[in-house]
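Encoded as structure tokens, the structure appears first; notes follow it.
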Amino acid sequence: MDLYGKTRVYDDLSEPDHKLKFRELSVIADFFGGIFSRNYFKASAKTNPKDILILPGFGTNTRYMFLLKYELESLGHNVEDWGVGFNHGDVPVLAEQFAEVIQKRFQESQKKITLVGWSLGGYIARETARDFPEIVEKVITMGTPVIGGPRYTAAAKFYERKGESLDEIEKATIERFEKPLEVPIVAFYAKTDGVVSWQACIDHWSKDVEHIEVQSSHLGMGFSREILDILPYKL
């Protein structure tokens, strides 16, 4: 696969427009909208419960995903923490630790696992599925950059201050596509995202990806009523 030749589809990528960062203030509206406008007529999942692990975004833990966890559990799914703790942003370390978690879990249950990841958590979920398609049933991501690592996100300067090379990180994310992603992906993204460039959330190379555009801030995706109402139908 000539990935480097195909990167031209991402030529116009950059960090999100600074004006969109003000859109992140609407996380408060997303939060209360998610809590107080619950749709009680979602399809019941109790006839086909899934084992689900939730993966938090950079700088957070899964406590920030409490509403998503609650709603999926209310539909009969078994939803658990990813087992790695705080997402500090060191992807190789986190990915290695999470790989150990899911392998152990699969050995114990012999049931495939669905991964739901927010932002960087979604990237780790995707790459785990790439390496362990025999363990992961499906991946659902929210505001997850699939290329560039932090380069096209508001976290770019954080990684640069740590001495990380954004060029090398981006190269590594591209090289990962040499190994096809065989697991179905559902990718939520928002053109109003003020943290991650929405274009970086579009996977042009994997064969089984459903992209779903929503109206949400990046920080509010875990509370987005639109996402919470669609997600159960995509498991």
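Residue numbers 591 to 825, in our numbering, belong to the letters of the sequence shown in order. Idealized CB from N, CA, C, for every residue including glycine. This structure is a prediction, so every number in the text was calculated from the model and none was measured.
Would you mind stating whether A685 and V736 have Cβ atoms separated by less than 9 Å? Reading the sequence shown from its first residue, position 95 is the one you call residue 685. Reading the sequence shown from its first residue, position 146 is the one you call residue 736. No; because the gap between Cβ atoms is not below 9 Å, this pair is not in contact.
Can you look up W672 in the DSSP assignment and give me helix, strand or coil? Locating residue 672 in the sequence shown gives position 82, counting from the first residue. If DSSP states are grouped into helix, strand and coil, W672 belongs with coil.
For D793, does the count of other Cβ atoms within 10 angstroms reach 16, so buried, or fall short, so exposed? Along the sequence shown, read from residue 1 onward, the residue named residue 793 stands at position 203. Counting Cβ neighbours within 10 Å, D793 comes out buried, since at least 16 surround it.
Give every residue of the same chain whose Cβ lies closer than 8 Å to the Cβ of K781, excluding the five residues on either side of it in the sequence, and list them in chain order. Along the sequence shown, read from residue 1 onward, the residue named residue 781 stands at position 191. W788, E803.
Is K728 helix, strand or coil by DSSP? To locate residue 728, count along the sequence shown from 1; it is residue 138. K728 falls in the strand class under three-state DSSP.
I think R716 touches V706, with their Cβ atoms under 8 Å apart; what is that distance to the nearest whole Å? By one-based count along the sequence shown, residue 716 stands at place 126. By one-based count along the sequence shown, residue 706 stands at place 116. Between V706 and R716 the Cβ distance is about 12 Å, and since that is not below 8 Å, they are no contact.
Report yes if the C-beta distance between G673 and F688 is below 9 Å; otherwise report no. Here residue 673 refers to the residue found at position 83 of the sequence shown. Here residue 688 refers to the residue found at position 98 of the sequence shown. Closer than 9 Å, so yes.
Residues near L603 in its chain [Cβ-Cβ closer than 7 Å; skip 5 each side]: Reading the sequence shown from its first residue, position 13 is the one you call residue 603. Cβ neighbours of L603 beyond the five flanking positions: G738, Y742, S787, Q789, A790.
By the three-class DSSP mapping on this structure, what secondary structure does V691 have? Walking along the sequence shown from the start, residue 691 turns up at place 101. V691: helix per DSSP, three-state reduction.
Kindly indicate which three-state DSSP category F813 falls into: helix, strand or coil? Locating residue 813 in the sequence shown gives position 223, where the first residue counts as 1. In the structure shown, F813 sits in coil (DSSP, three-state: anything other than H, G, I, E or B).
Starting from the N-terminal side, write out each stretch of the alpha helix (DSSP H) that is 4 residues or longer and does not extend beyond the stretch 697-742. 710-721
Which first and last residues belong to the beta strand (DSSP E) in which Y779 is found? Numbered from its first residue, the sequence shown carries residue 779 at position 189. Element bounds for Y779: 775-779.
Please name the residue in E760, K702, P682, D783 whose C-alpha comes closest to that of H808. Stepping through the sequence shown from its first residue, residue 808 is reached at position 218. It is D783 whose Cα lies nearest to the Cα of H808.
Taking buried to mean at least 16 other C-beta atoms within 10 Å of its own C-beta, is R751 buried or exposed? The residue you call residue 751 lines up with position 161 of the sequence shown. Result: exposed.
Local Cβ density within 10 Å of K640, reported as buried at 16 or more and exposed below that: Numbered from 1 along the sequence shown, position 50 holds the residue referred to as residue 640. Buried, since its Cβ has 16 or more Cβ neighbours within 10 Å.
Tell me which residue opens and which closes the alpha helix (DSSP H) that D757 is part of. Indexing the sequence shown from 1 puts residue 757 at position 167. It spans 756-765 - the alpha helix (DSSP H) in which D757 sits, taken as one unbroken run.
Continuous alpha helix (DSSP H) stretch holding E750: start and end: Taking the first residue of the sequence shown as position 1, residue 750 is located at position 160. 746-751 is the span of the alpha helix (DSSP H), which, as asked, contains E750.
Buried/exposed call for E760, threshold 16 Cβ in 10 Å: For the purposes of this step, residue 760 is taken as residue 170 along the sequence shown, with counting starting at 1. E760 comes out buried.
What's the gap between the Cα of F748 and the Cα of T652? By 1-based counting over the sequence shown, the position of residue 748 is 158. By 1-based counting over the sequence shown, the position of residue 652 is 62. If I take the Cα positions, the gap works out to 22 Å.
Of the residues F656, R720, I644, which one's Cα is nearest the Cα of E768? Here residue 768 refers to the residue found at position 178 when the sequence shown is read from its first residue. Residue R720 is the option with its Cα nearest to E768.
Is it true that the CB of G647 sits closer than 9 Å to the CB of G753? Residue 753 sits at position 163 when you count from the first residue of the sequence shown. Residue 647 sits at position 57 when you count from the first residue of the sequence shown. No, the Cβ-Cβ distance between G753 and G647 is not below 9 Å.
V681 and V726 closer than 9 Å at C-beta: Counting from 1 along the sequence shown, the entry for residue 681 is found at position 91. Counting from 1 along the sequence shown, the entry for residue 726 is found at position 136. No, they are not a contact pair.
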